[in-house]
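In the UniProt record's numbering, the protein residues as written are 1 to 328. All remarks here apply to the structure that follows.
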Amino acid sequence: MKAMLIKNYGENAAFEASEVDQPAVKPGHVLVKIAASSVNTVDTMIRKMGEELPLSPSAPALLGMDFAGTVEAVGEGVQNYSVGDEVYGCAGGLADLPGTLADYIVADADLIAHKAKNLSMKEAAALPLVAITAYEGLVRAGIQAGQKVLVHGGSGGVGHIALQLAKHFGTDVYSTGGGEPQLALIEKLGATGINYKTESVEQYVAKHTDGAGFDVVFDSVGGANLTNSFEAAALNGQIATTVSMCELDLTPAHFKGLSLHVVFMLIPMLHHHNREQHGEILRKLTEIAESGDLKPVLDETNFSLEEAGQAYARLESGKTMGKVVIEN
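Shown next, in the form of structure tokens:
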């Protein structure tokens, strides 16, 4: 089969079109003919950093985590999938798991689910990593209808999904953005936009919560921005973040009695730990999408498998609005 391999990692590591053996299905897995795959920030980090990241596969490497496609063979012990089923998931591209920049993938059946009927293959491929991340963070934060929720970075990959899910859960959603296009998208998706460049945390907390703070803060920006999340949260509030590789003074969190939930969604793949939870979340996401409450935003660009390098460069450019997707 055709695959785009990286022979050597580095800042501008090239993807090389290669012919490799089509993988054989094995117990507990399904063989999927890939229709589309999406590019995530972690993919670009692996490409650049290689062995500096403990989750990177050995070179020559087949990258790519998210995919959507059609089941072509079913391994022994797999109950819920049949040949011809349209599925999606996040199941490769790190450690010893071959990735999605290829014609086929043999995916652990616990890491996939049936694709939503009202989403295209491109749209379905855009969802798994960011949507599992958003769902896990909100659920671990104990999201409940009627709460006030703040999403930092609501026009980003994870953020624009977290925003839609928070709305689906019946909350009053607010979201920060740094420019007119970002704020326009946030408003279009049903949240109240906050320009963090022109409004201080104190100002928007006073304006939208009468100074009480937000019940749940989903911080997809993280790092130094976590201090803004501490300031924006209500007493005994909940904060979920996807970026916490930093040193911070937790004193503000202490005096407000905050709970901090760190989401690292790759754990089931890396450690073979509770993989079935990802399948369960994906099934719930399919239901939410089919109800009309979840639809990923796709970047305006189109890339073929042979243009994988350009797709990665597009995401790294910082000019994207929505997910970058590669079509086979």
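Glycine is no exception: its CB is placed at the ideal position from the N, C-alpha and C atoms.
Can you tell me whether residue i is buried or exposed, with buried defined as 16 or more other CB within 10 angstroms of its CB?
i, result
"ASP21", "exposed"
"THR251", "exposed"
"GLN144", "exposed"
"VAL221", "buried"
"LEU235", "exposed"
"GLU136", "buried"
"GLY69", "buried"
"SER38", "buried"
"GLY177", "buried"
"GLU11", "exposed"
"GLY142", "exposed"
"ALA134", "buried"
"PHE255", "exposed"
"PRO57", "buried"
"SER82", "exposed"
"MET269", "buried"
Per DSSP, what are the beta-bridge partners of residue i in this structure?
i, result
"THR192", "TYR174"
"LEU55", "In DSSP, LEU55 forms no bridge with anything."
"MET321", "The partner list for MET321 (beta bridge, DSSP) is empty, contrary to what the question assumes."
"ASN31", "Contrary to the premise, residue 31 reads as Leu rather than Asn in this sequence. Its beta-bridge partners are ALA73, VAL106."
"ALA162", "Beta-bridge pairing links ALA162 to no other residue."
"ALA3", "SER18, ALA102"
"ALA313", "Paired residue(s): none; ALA313 is not in a bridge."
"GLU327", "ALA36, SER304"
"ALA113", "TYR88"
In the structure shown, what three-state DSSP assignment does residue i receive?
i, result
"ALA13", "coil"
"ALA131", "helix"
"GLN144", "coil"
"MET45", "helix"
"GLN79", "coil"
"GLY157", "helix"
"LEU183", "helix"
"MET65", "coil"
"LYS122", "helix"
"VAL151", "strand"
"LEU308", "One point to set straight first is that residue 308 is Ala, not Leu, in the sequence displayed. Note: ALA308 maps to helix in three-state DSSP."
"ALA24", "coil"
"GLU199", "coil"
Give a yes or no on whether 9 Å exceeds the smallest Cβ distance from residue i to chain B.
i, result
"GLY309", "Reference to chain B is not applicable here, since this structure consists of a single protein chain."
Between the segment 104 to 117 and the segment 271 to 287, can you find at least three pairs of beta-carbon atoms closer than 8 Å?
For the pair of segments examined, the segment 271 to 287 was found to touch the segment 104 to 117: the number of CB pairs separated by less than 8 Å reaches three.
Indicate whether the contact test is met: 3 or more Cβ pairs, each with one atom in the segment 112 to 132 and one in the segment 79 to 88, closer than 8 Å.
yes
Sequence ranges, beta strand (DSSP E) only - wholly within the segment 83 to 108, length at least 3:
86 to 90, 104 to 108
List in chain order: all unbroken beta strand (DSSP E) runs of 3+ residues lying wholly within the segment 240 to 304.
Listed in chain order, they are 259 to 262.
Is the segment 166 to 173 in contact with the segment 37 to 56, if contact means three or more CB pairs nearer than 8 Å?
no
Any chance you could list the alpha helix (DSSP H) runs of at least 4 consecutive residues sitting entirely within the segment 212 to 237, in chain order?
226 to 232
Quick check: the segment 26 to 33 against the segment 314 to 324, are at least 3 beta-carbon pairs closer than 8 Å?
As far as the Cβ criterion goes, the segment 314 to 324 does not touch the segment 26 to 33, which means the pair count is below three.
Meets three-Cβ-pair contact criterion under 8 Å: the segment 180 to 192 and the segment 149 to 161:
yes
When the Cβ atoms of the segment 254 to 268 are set against those of the segment 66 to 80, are three or more pairs found closer than 8 Å?
no
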